[in-house]
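FYI, the numbering for the first sequence is 1 to 473, going by the numbering used here.
Notes follow once the structure below has been shown.
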Amino acid sequence: MTVRTRFAPSPTGYLHVGGARTALFSWLYARKHGGQFVLRIEDTDLERSTPESVNAILEGMTWLGLDYDEGPFYQTARFDRYDEIIQQLLDNGHAYRCYCSKERLDELRETQMAAKTKPRYDGHCLKNKADDPDAPHVIRFRNPVGGSVIVNDLIRGKVAISNDELDDLIIRRTDGSPTYNLTVVVDDMDMNITHVIRGDDHLNNAPRQINILNALGAEAPVYAHVPMILGDDGSRLSKRHGAVSVMQYREEGFLPEALINYLVRLGWSHGDQEIFSIDEMISLFDIDDVNKAPSSFNTEKLEWLNQHYIKETDPAHIATLLRPHMGKLGIDPSEGPDLVEVVKAQQERANTLEEMADISQFFYKDYDEFDEKAAKKNLRPVAAEPMIKIREALASLSEWNEATIHTAIHDVAAALDVKMGKVAQPLRVAVVGRAASPGIDITLFLVGQEACLRRIDRALAYIEARANETAAN
RNA sequence: GUCCCGUUCAUCUAGAGGCCUAGGAUAUCGCCCUUUCACGGCGAGUACAGGGGUUCGACUCCCCUACGGGACGCCA
């Protein structure tokens, strides 16, 4: 039997990191076993499902490289099939009509909560038939009484739940639409899903689903409930923890390789290995190695991985990805040095593409103003003389390249009998406006001779103004 | 409240009864490299939730407690 897994999100929002990891695990499992990965959109909640959300989910999966072999299948397109199954359950006594009002159910729930018991439907309509069978009603699955259901979970092991804990759940609403627990069972059955890998929050649903499957005479798939992802403070992951949407990570300048690598290591590990290529994940991943405990999302480790992949990736490719981030800052990289060269210079200095764009702005436009601390420290009157000398040296260069620039700076330092730092650091601040940049030679080279001289003049004016100010006091 | 699940450094994790003086990674701090920032190298501190058993021996097995998470919907 070939392995068939699925990812079945409900389109009520964006693809978030928790869903993405579940999808990744399902995808890896299918790929590892040479099986199929199916995408199914669970859109039976007509109120909350939106086409925008469907697009967001598809976009997120595409970006992460989680390709599916079948689908997307939409549950809203399968209502006839669900009706058929519901009728079948009705016919063989595994389901019944329920005419209880919402008010009655709410009241029942409250009473039971007050009595400190688990809220459950009391089976009222099972015993009392309505006068008019066509009056508005829902359809309930008739859950077995007594005994217990064993969920043989690949991650949790054997989980037993007593049938007395389960009540007769609604499988069709008053408006005729089927509910989740019914559709998921029918779909997994029809789509021949062999392994249901999903979030831990569904563990409680498994026994009810197994009961429905039994009533249908179908075999249950193998279940694997993966633990949830929590925020960095250990509480349920939410927007207040920062980015939760997969696409937001792209906007913030993360590479899909980094996010995938981060996600695969959350709740799963293979010895001490931290870096995994997709092929390695496929060959090494195993459900048996997935942890039972929930894990906290840690952005700092994600950033480390992102930097790792930025360093490892071909600069030309990084440049392509960086371009839109430059654009967001109002910079057109075609009006300046080759972006690929800029990437090479910055590759080891940025955790994200967004950050790389930020620290690369000065290659393309003059800085707005000096970084205060850097200017205060480096653009002092004592820096004036070396700065004037270096300006002369740079201005006289007829060949503008890293080697000639290097020699020029070196010679000035030697002539003044000072360390390189005394010359290079004020020069850096003069040219880039702040204290940090790539190597001084490559920086000057990429900024260009004309812009360098212009900015040095600006720094000299700054130093002079400051000297006058000091003298005046 | 009831039921289900979980608990190793701040965080992700290794650990399948003696290999554990509990290993790796991120983060933090220090040193080295260095014209800055990074990268890289080296090093430091930091954990088996608590209590009972079982055993010659428990991070590993069992029980209880505490804490955390999930479910209890005409949501999925």
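Even glycine gets a Cβ: it sits at the ideal position worked out from N, Cα and C.
By the criterion of a C-beta distance shorter than 6 Å, Glu303 is surrounded in its chain by Asn351, once the five residues flanking it on both sides are discounted. Counting other Cβ atoms within 10 Å of its Cβ, Gly217 stays below 16 and is therefore classed as exposed.
Contact between the segment 198-213 and the segment 173-184 is present, with at least three C-beta pairs closer than 8 Å. When Asp286, Leu321, Arg455, Val244 are compared, the shortest CA-CA separation from Ala395 is found for Arg455. Distance from the CA of Asp332 to the CA of Thr22, rounded to the nearest whole angstrom, comes to 39 Å. Around the Cβ of Met281, a 10 Å sphere holds 16 or more other Cβ atoms; the residue is buried. Contact check for Phe445 against Ile390 fails: the beta carbons are separated by 7 Å or more. When DSSP states are grouped into helix, strand and coil, Ala408 belongs to the helix group. Remark: fewer than three beta-carbon pairs, one from each stretch, lie closer than 8 Å, so the segment 31-44 and the segment 227-237 are not flagged as touching.
By the neighbour-count criterion, in which a residue is buried when 16 or more other Cβ atoms sit within 10 angstroms of its Cβ, Asn55 is exposed. Here DSSP, grouped into helix, strand and coil, assigns Asp122 to coil. Less than 7 Å separates the beta-carbon of Asp289 from that of Trp268. The beta carbon of Thr174 lies closer than 6 Å to those of Pro136, Val138 in the same chain, with the five residues before and after it left out. Contact between the segment 6-17 and the segment 47-61 is present: three or more C-beta pairs spanning the two stretches fall below 8 Å.
With a cutoff of 7 Å on beta-carbon distance, Ile440 and Ala415 are scored as not near each other.
Shown here, Glu251 sits in a helix according to DSSP, grouped into three states. In this chain, the alpha helix (DSSP H) harbouring Phe25 covers 17-32. If the five residues before and after Val222 are omitted, its C-beta is found closer than 8 Å to the C-beta atoms of Asn152, Leu154, Thr194, His195, Val196, all from its own chain and listed in chain order.
Of the residues assessed, Gln87 falls on the exposed side of the cut-off, its CB having fewer than 16 other CB atoms within 10 angstroms.
The beta carbon of Asp366 is closer than 6 Å to none in its chain, skipping five residues each way along the sequence. For Gly71, the enclosing beta strand (DSSP E) covers residues 70-74. Taking the Cα positions, Val412 is about 7 Å away from Pro386. In this model, Arg156 and Arg265 are separated by some 18 Å (Cα to Cα).
Contact between Ala393 and Ala408 is confirmed by a C-beta separation of about 4 Å, below the 8 Å threshold.
If you ignore the 5 residues before and after Pro381, its C-beta comes within less than 8 Å of the C-beta of Ile463, Arg466, Ala467, Thr470, all in its own chain and listed in chain order.
The C-alpha of Ser101 lies about 49 Å from the C-alpha of Pro256. Contact annotation: Val149 and Ile161 have beta-carbon atoms nearer than 7 Å.
Within 10 angstroms of the beta-carbon of Ile275 lie fewer than 16 other beta-carbons, which makes it exposed. Rounded to the nearest whole angstrom, the CA to CA distance from His33 to Ala357 is 41 Å. Rounded to the nearest whole angstrom, the CA to CA distance from Ile388 to Ser334 is 31 Å.
Asn204 has no beta-bridge partner at all, per DSSP. DSSP places Gln425 inside the alpha helix (DSSP H), whose first and last residues are 420-432.
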